[in-house]
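Down below is the structure, laid out as structure tokens.
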Amino acid sequence: MRRPRSATQMHTRMHPQAVPTVHALRTRDAHCVSFTVAGAADGVPVVVLHGGPGSGSQPDATRLFDLTRFKVVQIDQRGTGRSTPRGGVRHNRTDLLIEDIETVRIRLGIKRWGVLGGSWGAALALAYAGRHPQSVTGVVLRGLFLTSAREVRGLFVTSRKRAPHAWAKLCAAARCTQPAELLARCAARLRRGGASDAQQRTLALAWRGYENAVLASASTRRKLVPARSSHKESRKLVDKYRIQAHYLTHRCWLGETQLLSLARRAAAAGVPIAAVHGSRDPVCPPDNLRRLARAVPAAHVERVRAGHLASDPALRERVADALAAMFLPSTHEGRTLRRAA
5 MRRPRSATQM HTRMHPQAVP TVHALRTRDA HCVSFTVAGA ADGVPVVVLH
55 GGPGSGSQPD ATRLFDLTRF KVVQIDQRGT GRSTPRGGVR HNRTDLLIED
105 IETVRIRLGI KRWGVLGGSW GAALALAYAG RHPQSVTGVV LRGLFLTSAR
155 EVRGLFVTSR KRAPHAWAKL CAAARCTQPA ELLARCAARL RRGGASDAQQ
205 RTLALAWRGY ENAVLASAST RRKLVPARSS HKESRKLVDK YRIQAHYLTH
255 RCWLGETQLL SLARRAAAAG VPIAAVHGSR DPVCPPDNLR RLARAVPAAH
305 VERVRAGHLA SDPALRERVA DALAAMFLPS THEGRTLRRA A
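For the sequence shown, position 78 matches number 82 in the numbering used here, and the numbering has no gaps at all.
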């Protein structure tokens, strides 16, 4: 008996454009930025900005879209994913990421596009929309990170109560005795030459373990998944957290005041903004939603009983709905996102 084709196979058969194509953008400052394009060639264009910083694009992000109606562009930010040099922090700042996004848009011949960003990607989405509102049709955010010192302290100091054992392991790997210095110690040891390769791999694994424990603390259903310990996988983690430490120690060259100012600028230029945030998010405080709504009253915001990750079914469903409502209004007439109280 012939096996039935999966939904993915049927999508690919009916719409060959759904197969992602990989492209590369070579910058003037020796970076090679990788990006993929999937979906319908004539679909509604949306660029997806990943979190981290340092995480790289996630292929599953395309599941949020109807690829028969959307054209989805995913960019591996400098030093992440397929982009090279991997883990490179030289010429790696937020203003340069924004320039890369705009250059990719021009390269693809897209006049205007929507923007989807999650976590750090949500902050980058607002910053990009504020700098280039004429290029943006709308912004959808998931788990908004405001790049504030308060949030960074919350992750490295306050959240130790959520995962005390994992936090202690991270402190030991960073050789840190003062909680307030943990991020700085991680950043220093993850710099090239800041510690031996073995010590950097140990630190990256400990950081990943702490991150997983904090995420797991938001739900009794989420199980801790140990980080892979192979040499190749641990080296990837070193690259990821080197970039993350680099950005967080500089508050991503934004900070909450500037980021919300850019959000207001985008809204004033007519760019609609929608945000979905998990009420149990242990990484990006749910209060960030209120802060955005206060700064940008026109923003449509919604709290969902969920955690931080886009893989949470409730969060994924509402983000997918927000994307369709924002960019495919003809099929979602009468549906609006609830405003924050």
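Yeah, the Cβ is synthetic: ideal placement off N, Cα and C, and Gly gets one too. These numbers were taken from a predicted model, which means no experiment stands behind them.
In this structure, the alpha-carbon of residue 296 lies about 10 Å from that of residue 265.
Going by DSSP, residue 29 is part of the beta strand (DSSP E) stretching over 25-30. Taking C-beta separations shorter than 7 Å and ignoring five residues to either side along the sequence, the partners of residue 318 in its chain run 308, 309 and 310, following chain order.
About 22 Å separates the beta carbons of residue 159 and residue 323, which is beyond the 8 Å limit, so they are not a contact pair.
Within its own chain, the residues whose Cβ lies closer than 6 Å to the Cβ of residue 173, once the five positions on either side in sequence are excluded, are 210, listed in chain order.
Residue environment: residue 247 is assigned as buried (16 or more neighbouring CB atoms within 10 Å of its CB, all protein chains considered). Note that the C-beta distance between residue 150 and residue 241 is not below 8 Å. Boundaries of the beta strand (DSSP E) around residue 77: 74-79. Listed in chain order, the non-local C-beta contacts of residue 192 below 8 Å within the same chain comprise 198, local neighbours out to five positions each way being set aside. Taking all protein chains in view, the Cβ of residue 235 is surrounded by fewer than 16 other Cβ atoms within 10 Å, so the residue is classified as exposed. Residue 162 holds the alpha-carbon nearest to the alpha-carbon of residue 184 among 162, 176 and 196. In this structure the region 273-293 does not touch the region 77-86; the number of beta carbon pairs closer than 8 Å is below three. The shortest C-alpha to C-alpha distance from residue 220 to any of 59, 302, 96 and 287 is the one to 287. In the three-state reduction of the DSSP assignment, residue 36 falls in the strand class.
Cβ-Cβ distances below 6 Å link residue 137 to 270, 273 and 275 in the same chain, with the five nearest sequence neighbours on each side left out; the list follows chain order. For the pair residue 254 and residue 120, the Cα-to-Cα distance works out to about 23 Å. About 12 Å separates the Cβ atoms of residue 87 and residue 244, ruling out a contact at the 8 Å cut-off. Residue 261: not part of any beta strand (DSSP E); member of the alpha helix (DSSP H) spanning 260-272, first to last residue. Classified as exposed, residue 107 has fewer than 16 neighbouring CB atoms from the shown chains inside 10 Å of its CB. Listed as beta-bridge partners of residue 306 by DSSP are 280.
Restricting attention to alpha helix (DSSP H) runs no shorter than 4 residues, the region 126-167 encloses them at 153-160, ordered along the chain.
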